[in-house]
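Here is the structure we will look at, set down as structure tokens.
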Amino acid sequence: MTDKIRIGVLGASGYTGADLVRLAARHPAIEIGVLTANSHAGKPMREVFRHFSHIDLPDLVRIDEADWSAVDAVFCGLPHGTTQAITREIFATYPETRIIDMSADFRLRDAAVYKEWYGLDHGAMDIQGEAVYGLTEIYREAIADARLIACPGCYPTAVLLSLVPLARAGLIDTADIVIDAKSGVSGAGRSLKENTLFCEAGEGISPYAVGKHRHMAEIEQEIAVAAGVPDTRINFTPHLIPMSRGELCTSYVRLEGGASAADLRNRLAEAYADEPFVTVLEEGVLPQTQMVRGSNYVAMNVVPDRIPGRAIVISALDNLVKGSAGQAIQNFNVAFGLEETLGIEQLPLFP
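Add 5 to the 1-based position in the sequence shown for the numbering used here, that's all there is to it.
What follows is the structure, given as structure tokens:
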């Protein structure tokens with residue numbers, strides 16, 4: 006392929022940005038043109054992440070020094086509250102540029118909900134209406150024509166892929182969903198935090214943001230759309246696991262309309278029969294993070310609960326790949342009319 010698509014990566018010094026660069030560097034249709042990281046501006050990427058010592062990459066620059074005229078698409082890996090203004094600025098000057106946002110700034114469609122969960126006024130509601138929620142398997146057709154793609158958070162990706170087909174089919178009671186979620190420490194980002202220090206996080210498991218994790222808003226938004234039930238509320242508790250990457254979500258659901266756990270599993274198998282990255286496992290095989298580590302794959306299954314009328318839905322993914330950078334590239338492929346699996350076909354890494 007001679008005519009490559011040039012990309013820029015905002016926030017390339019974070020874990021999400023670095024994994025995006027890792028995948029993009031070997032994508033046959035991508036040329037990396039711009040990498041930004043304000044705190045590391047002026048440094049070679051290999052100095053910030055030593056695993057890039059084997060390849061040539063652009064040096065990191067400040068955001069205000071980036072030349073957006075030189076790229077066709079921008080991947081945003083910045084903290085929430087910072088992407089809206091930059092996106093508007095890029096669109097104002099280069100309206101044909103595609104933005105694939107990995108932050109939370111365009112995921113929530115309602116400005117009031119965004120302020121409730123993130124404590125900030127939405128700074129770009131004039132372009133929020135253009136944003137397509139980037140859950141590829143659910144919104145593929147809309148993503149193909151979007152210039153602004155809001156990639157889901159890692160927890161919502163794992164949960165929604167396993168529950169949206171069930172909610173759409175009316176097989177579960179969306180007013181009675183309890184989600185127990187666990188993620189590796191990379192989900193907390195690369196900045197220094199006491200609770201993610203080795204001595205604090207190692208050899209233990211810790212719940213956090215109990216009853217108030219921001220990803221709840223995304224999950225509720227999309228379950229409400231799938232079920233056609235406004236004001237959906239879920240119970241969601243995340244936990245920090247002492248491993249670098251990986252995520253496991255266990256959803257406890259009440260069955261509707263006489264459905265069984267087998268009906269739920271059959272519905273998921275039907276929904277994802279032709280999907281390259283979603284695997285509904287054989288009956289009785291339980292998802293594990295080891296099945297998906299380092300890959301863009303999702304593993305899921307359904308198990309009957311011993312309580313009559315209930316079932317347990319389990320899903321696993323890599324929070325940095327399918328939960329972030331890999332899904333972003335999957336959306337990039339769809340938006341630019343490329344083979345959807347291009348550059349993200351790596352099999353899981355084990356052990």
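Glycine residues also receive a C-beta, built at the ideal position from the N, C-alpha and C atoms.
Only counting the same chain, and skipping five residues up and downstream in sequence, which positions put a Cβ closer than 7 angstroms to that of residue i?
| i | result |
| --- | --- |
| P235 | A229 |
| A34 | M6, K9, I10, L343, L347 |
| F337 | A78, I105 |
| T21 | G82, M107, L325, S329, A330 |
| S300 | D323, V326, Q351, L352, P353 |
| V118 | A222 |
| R272 | P170, L171, A174, L176 |
| Q293 | A321 |
| P281 | E345, T346 |
| S74 | Y99 |
| V339 | T141, R145, I148, A149, E345 |
Could you give the DSSP three-state label for residue i: helix, strand or coil?
| i | result |
| --- | --- |
| G19 | coil |
| C204 | helix |
| K198 | coil |
| M6 | In this prediction, M6 has a pLDDT of 47, which is less than 50 and means its spatial position is unreliable; what the coordinates show is noted afterwards. The answer is coil: DSSP assigns M6 none of H, G, I, E or B. |
| P161 | helix |
| V53 | helix |
| I60 | coil |
| E345 | coil |
| R27 | helix |
| E121 | helix |
| S44 | helix |
| E350 | coil |
| S328 | Here residue 328 is Gly; the residue named in the question, Ser, does not match the sequence. If DSSP states are grouped into helix, strand and coil, G328 belongs with the helices. |
| V297 | coil |
| R173 | helix |
| A116 | helix |
| L168 | helix |
| G251 | coil |
| G380 | Since the first and last residues shown for the chain are 6 and 356, residue 380 lies out of range. |
| I68 | helix |
| A214 | coil |
| A75 | helix |
| G364 | Past the boundaries of the shown model lies residue 364; the chain is included only from 6 to 356, so the question cannot be answered. |
| F355 | coil |
Could you spell out where the beta strand (DSSP E) holding residue i opens and where it closes?
| i | result |
| --- | --- |
| I105 | 103 to 106 |
| I244 | The sequence as given places His at residue 244; Ile does not occur at that position. Element bounds for H244: 240 to 246. |
| G189 | 177 to 189 |
| N306 | 303 to 309 |
| I154 | 153 to 155 |
| I132 | Counting along the chain, I132 falls outside any beta strand (DSSP E), though it belongs to the alpha helix (DSSP H) covering 130 to 133. |
| V283 | 283 to 285 |
| A316 | 315 to 322 |
Could you tell me the distance, in whole angstroms, from the CA atom of residue i to the CA atom of residue j?
| i | j | result |
| --- | --- | --- |
| A42 | F57 | 16 angstroms |
| V308 | P353 | 24 angstroms |
| G233 | I239 | 15 angstroms |
| V297 | E101 | 35 angstroms |
| L28 | M248 | 21 angstroms |
| R270 | S211 | 30 angstroms |
| L245 | E205 | 11 angstroms |
| V14 | L260 | 43 angstroms |
| D24 | V169 | 27 angstroms |
| I60 | G128 | 37 angstroms |
| L176 | G134 | 30 angstroms |
| Q89 | G124 | 14 angstroms |
| K120 | H220 | 14 angstroms |
| S188 | G19 | 17 angstroms |
| T92 | D131 | 11 angstroms |
| D69 | P84 | 16 angstroms |
How far does the alpha helix (DSSP H) with residue i in it reach, from first residue to last?
| i | result |
| --- | --- |
| T92 | 88 to 98 |
| G331 | 331 to 340 |
| R145 | 141 to 149 |
| V230 | 220 to 232 |
| E275 | 266 to 276 |
Residues in the same chain with beta-carbon distance under 8 angstroms from residue i, minus the five sequence neighbours each way, listed in chain order, please.
| i | result |
| --- | --- |
| L62 | V26, A30, I37, L40, P49, M50, R51 |
Grab me the residues of residue i's own chain with a C-beta within less than 6 angstroms of its C-beta, minus the 5 sequence neighbours each way, in chain order.
| i | result |
| --- | --- |
| R315 | R259 |
| R152 | R103 |
| W122 | R219, A222 |
| H32 | G348 |
| T179 | A172, I228, A232, V234, T237 |
- With a cut-off of 8 angstroms, do at least 3 Cβ pairs link the region 180 to 200 to the region 260 to 276? Per the Cβ contact rule, the region 180 to 200 is not in contact with the region 260 to 276 (fewer than 3 Cβ pairs under 8 angstroms).
- the region 243 to 259 contacting the region 180 to 193, beta-carbon criterion three pairs below 8 angstroms: Contact holds: three or more Cβ-Cβ distances are below 8 angstroms.
- Message: Using 8 angstroms as the cut-off, can you tell me whether the region 131 to 143 makes contact with the region 156 to 167, which would need three or more C-beta pairs spanning the two stretches below that distance?
- Response: Touching, per the Cβ criterion.
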